[in-house]
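Below is one structure, written out as structure tokens, with a few remarks after it.
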Amino acid sequence: MIQAVLFAGCEPEVAAGVDGRILAVGEDARAAAGRGAQVVRLRGRALPGLIDAHIHLEGLADRHLDVDLTGTASLSEALERIRSWSSRLAEGRWVVGAGWYNDVWPDTSFPTRKQLDAAVGGRPAYLRRKDGHSAWVSSAALKLAGIDRSTEDPPGGKIDRDKRGEAVGILRETAMQVVSDLLPLPSEEELDGAMARALTDLAGLGLTAVHSMDSARALGSWQRLRARGRLPVRITYNIPLSDLSHAERMGVRSGWGDDWIRIWGVKAFLDGSLGSRTAEMLDGSGTPRLTQAELLDLVDRCARSGLNVCLHAIGDGAVRRALDALAPRREAWRYWRPRIEHAQCVNPKDMKRFARIGVIASMQPVHAVADRELANQYWPQLTAQSYAWGALARAGARLAFGSDAPVETADPLAGIEAATVWRRKVKWHPELAVPRAVARRAYTAGAAYAVGMEKDLGTLRPGKLCDLTVIDDGRVIATVVGGTVSFLRTPLVTSSRSSSKPR
Ligand SMILES: [Zn+2]
520 MIQAVLFAGC
530 EPEVAAGVDG
540 RILAVGEDAR
550 AAAGRGAQVV
560 RLRGRALPGL
570 IDAHIHLEGL
580 ADRHLDVDLT
590 GTASLSEALE
600 RIRSWSSRLA
610 EGRWVVGAGW
620 YNDVWPDTSF
630 PTRKQLDAAV
640 GGRPAYLRRK
650 DGHSAWVSSA
660 ALKLAGIDRS
670 TEDPPGGKID
680 RDKRGEAVGI
690 LRETAMQVVS
700 DLLPLPSEEE
710 LDGAMARALT
720 DLAGLGLTAV
730 HSMDSARALG
740 SWQRLRARGR
750 LPVRITYNIP
760 LSDLSHAERM
770 GVRSGWGDDW
780 IRIWGVKAFL
790 DGSLGSRTAE
800 MLDGSGTPRL
810 TQAELLDLVD
820 RCARSGLNVC
830 LHAIGDGAVR
840 RALDALAPRR
850 EAWRYWRPRI
860 EHAQCVNPKD
870 MKRFARIGVI
880 ASMQPVHAVA
890 DRELANQYWP
900 QLTAQSYAWG
910 ALARAGARLA
920 FGSDAPVETA
930 DPLAGIEAAT
940 VWRRKVKWHP
950 ELAVPRAVAR
960 RAYTAGAAYA
970 VGMEKDLGTL
980 RPGKLCDLTV
990 IDDGRVIATV
1000 VGGTVSFLRT
1010 PLVTSSRSSS
1020 KPR
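When you line the sequence shown up against the working numbering, it's residues 520 to 1022, in that order.
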């Protein structure tokens, strides 16, 4: 930015200075912008920029690199998409993709390698299911991985077999890795191109910032994109637990970086998922992925290093363990912002503990839309305390909302819808809905607080960074990050203030 900018015609109007921060909001905006300001004419309502508090950017980028099977309504439709994708690849190249979901096909049985072999023309193929907990692979892929009748299931995984013990082409949980380890990595150019497209898509959905759960490969990509001026959203990065030792050695602390790319927490898994039946429940079912001793050790290490924690906990058992581990460490961090990711099932006794301990509930309302039937089936006694943002909000918990894309859509307006009117519409525990203002806050001020950025983001106040999501008629019409337009739906007129007619 080389001059002040006035975002005009929206309610409220906003003036941004050359430093990308808000000069004034509302009545004072025009005067604050001054006569020489650039004017961006908008309409509708200007909200503080929407922030997605839980997203997987590599998964979104992969969609632009691989065959995307999201939304295929049948096996034959999926095979058709795979066939046309494969035909453009050189012989012997891997066919990689994701997004198929046999639960919604007319025939819900899992697909087989034999069906896949013809579609990929004998190429090795690896296609992740929508939930990421199993993969559909071709015969050539099994051969390259050395999987045959004599191969034993790895610990924590399963190779589906026929009566003769032959692999049928479905690998579950850790067994997926036997093949995924062989996949060729995209080049830096390929990854950056796909990442840029994924980030541009997010700007188009009205997102100005995200909290990412990704790997170091993605962190490298964002830095390269930024150097080329191609980063349209702010990214706060949460490192995987496997990288904690590196962060400790390097002395990286929460908040390291700047307001475009910064490091915040350590993401660790306490349990699995509802769909795969690995959520850790108080009734003893499910699959804990960290013992309590390991969890306490991890929390202590993070506290010593000045790193916050993002603890993935889906089942009520995992949520309770996370709270138990965090409660005695209330004073351990200077910027205490521990988060529980998902918190899909919370025992009523634990609801008030979020506020008491100061734990942020980082939730993805849109999950409830996709999971409702599964929850009714697997958690029939517990649905009144599941996806319970309303109950948590009433118990005083701080909420941060996100999408978990690409597992579900990244559209924040869909998330706000799911958190509010959707529950009434489908009559699924409407008492657990929150008012629209609360949902919006969880996507703005709540998400900003969840990564210690509340002084810079989350509300429209002079001095804060000028991030805006402008909504008109239920649609995003403009996205602004640091006073710069990152998305504009229609070619709205941009002019110099002095040449524009006074209203
Ligand atoms: Zn996730």
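Backbone N, C-alpha and C fix where the C-beta goes; we use that ideal spot for every residue, glycine too.
Taking 9 angstroms as the cut-off, decide whether the C-beta atoms of residue i and residue j are in contact.
i, j, result
"leucine 893", "isoleucine 833", "no"
"isoleucine 570", "glycine 877", "no"
"leucine 845", "valine 865", "no"
"asparagine 757", "glycine 971", "no"
"glycine 563", "leucine 588", "no"
"phenylalanine 1006", "glycine 725", "yes"
"glycine 641", "serine 657", "yes"
"leucine 789", "alanine 822", "no"
"arginine 554", "alanine 534", "no"
"aspartate 923", "histidine 652", "no"
"threonine 939", "proline 925", "no"
"threonine 988", "threonine 727", "yes"
"leucine 979", "tyrosine 906", "no"
Label residue i either buried or exposed according to how many other C-beta atoms from any shown protein chain fall within 10 Å of its C-beta, with 16 as the threshold for buried.
i, result
"proline 630", "buried"
"phenylalanine 884", "It is proline, not phenylalanine, that sits at residue 884 in the sequence shown. By the 10 Å Cβ count, proline 884 comes out buried."
"arginine 649", "This sequence places lysine at residue 649; arginine is not what is there. Buried: at least 16 other Cβ atoms inside 10 Å."
"leucine 704", "exposed"
"serine 669", "exposed"
"threonine 797", "buried"
"glutamine 904", "buried"
"arginine 582", "buried"
"threonine 591", "buried"
"alanine 895", "Strictly speaking, residue 895 in this sequence is asparagine, with alanine absent from that position. Classification for asparagine 895: exposed."
"aspartate 700", "exposed"
"proline 847", "exposed"
"glycine 545", "exposed"
"serine 593", "exposed"
"proline 949", "exposed"
"arginine 875", "exposed"
"valine 945", "exposed"
"lysine 786", "buried"
"arginine 942", "buried"
"arginine 747", "exposed"
"glutamate 530", "exposed"
"leucine 702", "exposed"
"valine 524", "buried"
Based on Cα-Cα distance, which residue from the options lies nearest to residue i?
i, options, result
"arginine 612", "Leu710, Arg747 and Tyr645", "Tyr645"
"aspartate 869", "Ser734, Ala837, Ala966 and Arg980", "Ala837"
"glycine 921", "Val945, Leu911, Ala880 and Ala912", "Ala880"
"arginine 716", "Ser740, Met732, Ser699 and Gln696", "Ser740"
"proline 673", "Arg747, Arg691 and Arg736", "Arg691"
"serine 744", "Ala956, Glu707 and Gln557", "Note on residue identity: the sequence assigns leucine, not serine, to residue 744. Ranking the options by Cα distance to leucine 744, first place goes to Glu707."
"leucine 1094", "Trp898, Ala937, Ser606 and Ile782", "Any property of residue 1094 remains undetermined from this structure, which presents the chain solely from 520 to 1022."
"arginine 1073", "Ala728, Glu927, Ile666 and Arg820", "Residue 1073 lies beyond the residue range present for the chain, which begins at 520 and ends at 1022; the question has no answer from this structure."
"glycine 791", "Asp975, Ala912 and His861", "His861"
"glutamate 1025", "Gly993, Val697 and Glu671", "One cannot answer for residue 1025 here, as it falls past the ends of the chain, which runs 520 to 1022."
"glycine 915", "Ile935, Thr939, Lys944 and Gly965", "Gly965"
"alanine 713", "Thr988, Asp585, Arg891 and Arg632", "Asp585"
"leucine 738", "Leu702, Trp775, Gly770 and Thr727", "Trp775"
"arginine 856", "Ala969, Pro643, Arg994 and Ile601", "Ala969"
"histidine 575", "Asp733, Trp619, Tyr620 and Ala694", "Asp733"
"proline 643", "Glu610, Asp930, Leu901 and Asp622", "Glu610"
"serine 731", "Arg872, Tyr620 and Glu577", "Glu577"
"alanine 551", "Pro981, Thr988, Cys829 and Trp655", "Pro981"
"glutamine 696", "Gly568, Leu661, Val558 and Asp975", "Leu661"
"tyrosine 620", "Gly909, Ala597 and Ala664", "Ala597"
"alanine 664", "Ala694, Ala637, Ile990 and Ala638", "Ala694"
"glutamate 927", "His886, Ala912 and Arg960", "His886"
So residue i is in the beta strand (DSSP E); what residue range does that whole segment cover?
i, result
"valine 1000", "994-1000"
"leucine 830", "827-832"
"leucine 701", "From DSSP, leucine 701 is part of no beta strand (DSSP E); its letter is neither H nor E."
"valine 656", "653-656"
"phenylalanine 1006", "1003-1007"
"threonine 988", "987-991"
"isoleucine 679", "Correcting the residue identity first, residue 679 is aspartate in this sequence and not isoleucine. That run of the beta strand (DSSP E) goes 676-680."
"proline 759", "753-759"
Counting along the chain, where does the alpha helix (DSSP H) carrying residue i start and finish?
i, result
"alanine 609", "Where alanine 609 is concerned, there is no enclosing alpha helix (DSSP H), given that its DSSP letter is neither H nor E."
"tryptophan 941", "940-945"
"leucine 918", "Here leucine 918 belongs to no alpha helix (DSSP H); instead the beta strand (DSSP E) covers 917-920."
"arginine 823", "811-824"
"histidine 573", "Histidine 573 -> not in any alpha helix (DSSP H); beta strand (DSSP E) instead, spanning 569-574."
"phenylalanine 873", "867-876"
Using 8 angstroms as the threshold, is the segment 705-724 in touch with the segment 750-764, meaning 3 or more CB pairs across them? yes
Given 8 angstroms as the limit, is there contact between the segment 538-558 and the segment 996-1011, that is, 3 or more CB pairs closer than that? yes
At least three beta-carbon pairs within less than 8 angstroms, the segment 761-776 to the segment 806-815: no
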